[in-house]
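Report on the following structure.
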Amino acid sequence: MSKVAELYGLPTAYEPPGRTWADVVAIQHCPFLDRKCLKNRKSEPNQTIGSCTMAFGKDANHLMICPFRLLERRQIFEDCKPLVTLHQPGNEWHIVSELDVPGGSVDYCLVSVRKKKVMDFIGIELQTLDSTGTVWPERQRFLHSKDIQVKEEDRKSTKPFGMNWKMTAKTALVQMHHKIQTFEHLSKKLVLVLQDHLLAYMRQEFTFDHLVPARLGDPMHFHSYSLGEEDGALKLELEGQHSTDTAGIAKCLGLQSEAKVELEAIIALIEVKISHKTLMSIETPPPASTLADEATEEDS
């Protein structure tokens, strides 16, 4: 079994329907963004990698390594809708990317809009596992097994890859602590979307006992997803929802930060970005945002 569990959004355990793996690699299409894959090699900027999910560890768990993998079916946005409490029937749903706030940039905002005016919004951050080393040799070995010609030095490479659990988890929590103070100050909510395996690691390595099943009034929410299998494909499924507040995130890390901004300033930033392109639709993928940078693999 290949250590590459998904390539260009397709499970490697099965043949791609109606095409060959050579076709898939030639097209380089990301089904989650509905465009060419943005996961590029540092050493070959025009070459995409396409590895969404890896089979890793003694149990060969399916671990997502590309944040765009979380955009499947726009399910994460559907699951966040109940948190936009001021939304009313007749309002439009918009997905706005890359909103600058104190403490950094928020990947996406789910926004309720009426007559081009923001009625309510929440912030959404996506976090998948960072890999160490390079997954390229595993990709090339898989393609070689499908009789696709690859460089011999690539498929015979002994370069290993791993999962950077500690750095991924700590970086995500630090970023959340920087940003949640802004959202709590504005009486808005921030959601961290991540895989269930990563949340389990956080619970093991950090102080997470105070997290509770999701409460609507809390500003900081964790939405964890598993990868189940359905009809020969991997499917994103909501596994759990938990919440806390700024003090709760600080309890995880023991950090201090100040990040305050007025609500009107945030709303103005969102309204500038609103257009027909941001309308939430199952047919139209959300903008790629700076997650593209996170999806680029560091060669080693």
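Residues in the sequence shown are numbered consecutively from 431, following our numbering.
Ideal placement from N, C-alpha and C gives every residue a C-beta, glycine not left out.
Checklist line | Residue nearest to Q570 in terms of C-alpha spacing, selected from V455, A644, E659 and D626 | finding: Of V455, A644, E659 and D626, the smallest CA-CA separation from Q570 is found for V455.
Check: With burial defined as no fewer than 16 other Cβ atoms inside 10 Å of the residue's Cβ, what is the status of L540: buried or exposed?
Finding: With at least 16 other beta carbons inside 10 angstroms of its own, L540 counts as buried.
Next item on the list: Give the DSSP-derived three-state secondary structure of Y631 in the structure shown.
Entry: DSSP places Y631 in helix when its eight states are reduced to three.
Margin query: Between S481, E669 and V543, which has its C-alpha nearest V526's C-alpha?
Written below: Of the listed residues, the one whose Cα sits closest to V526 is V543.
Check: Bridge partners of L603, per DSSP?
Finding: The partner list for L603 (beta bridge, DSSP) is empty, contrary to what the question assumes.
Check: What separation, rounded to the nearest whole angstrom, lies between the Cα atoms of Q611 and P532?
Finding: When rounded, the separation of the alpha-carbon atoms in Q611 and P532 is 9 Å.
Margin query: Quick check on I610: does DSSP put it in helix, strand or coil?
Written below: Helix.
Notebook entry, point to check: When burial is assigned at 16 or more other CB atoms within 10 Å of the CB, is K581 buried or exposed?
Noted result: The residue in question, K581, is exposed, as its Cβ has fewer than 16 Cβ neighbours within 10 Å.
Next item on the list: Write down the C-beta distance between G563 and F591 rounded to the nearest angstrom, noting that I regard them as a contact closer than 8 Å.
Entry: A Cβ-Cβ distance of about 4 Å is found for the pair G563 and F591, placing them in contact under the 8 Å criterion.
Item checked: Where the beta strand (DSSP E) containing V550 begins and where it ends -> The residue asked about is misnamed: residue 550 is Asp in this sequence, not Val. Per DSSP, D550 belongs to the beta strand (DSSP E) from K547 to Q557.
Check: Which parts of the stretch 455-504 are runs of the beta strand (DSSP E), unbroken and 3 residues or longer, counting only runs that do not cross its ends?
Finding: Listed in chain order, the complete beta strand (DSSP E) runs (minimum 3 residues) inside the stretch 455-504 are 481-486 and 491-494.
Item checked: Top-ranked residue by Cα proximity to T558, from Q477, D626, N470 and T450 -> Ranking Q477, D626, N470 and T450 by Cα distance to T558 puts D626 first.
Check: In three-state DSSP terms, what is P567?
Finding: Helix at P567.
Note to self: Helix, strand or coil, according to DSSP, for I696 in the structure here?
What the structure shows: DSSP, reduced to helix, strand and coil, places I696 within a helical segment of the structure shown.
Notebook entry, point to check: Apart from the five residues just before and just after L734, which ones in its own chain have a Cβ nearer than 6 Å to its Cβ?
Noted result: Beyond the ends of the chain as shown, which are 431 and 730, falls residue 734; an answer cannot be given.
Notebook entry, point to check: Can you tell which of C482, D453 and S473 has the C-alpha that lies nearest to the C-alpha of C742?
Noted result: Missing from the structure shown is residue 742; the chain here goes from 431 to 730 and no further.
Note to self: For a quick check, are the C-beta atoms of E701 and K547 less than 8 Å apart?
What the structure shows: E701 places its beta carbon less than 8 Å from that of K547.
Notebook entry, point to check: Apart from the five residues on each side of it in sequence, which residues of its chain come closer than 7 Å, Cβ to Cβ, to L556?
Noted result: Closer than 7 Å at the Cβ level, and outside the excluded window around L556, lie P497, L500, D537, V623 and L721.
Checklist line | Status (buried if at least 16 other CB within 10 Å, exposed otherwise) for A718 | finding: Residue environment analysis places A718 among the buried positions, since at least 16 neighbouring C-beta atoms fall within 10 angstroms of its C-beta.
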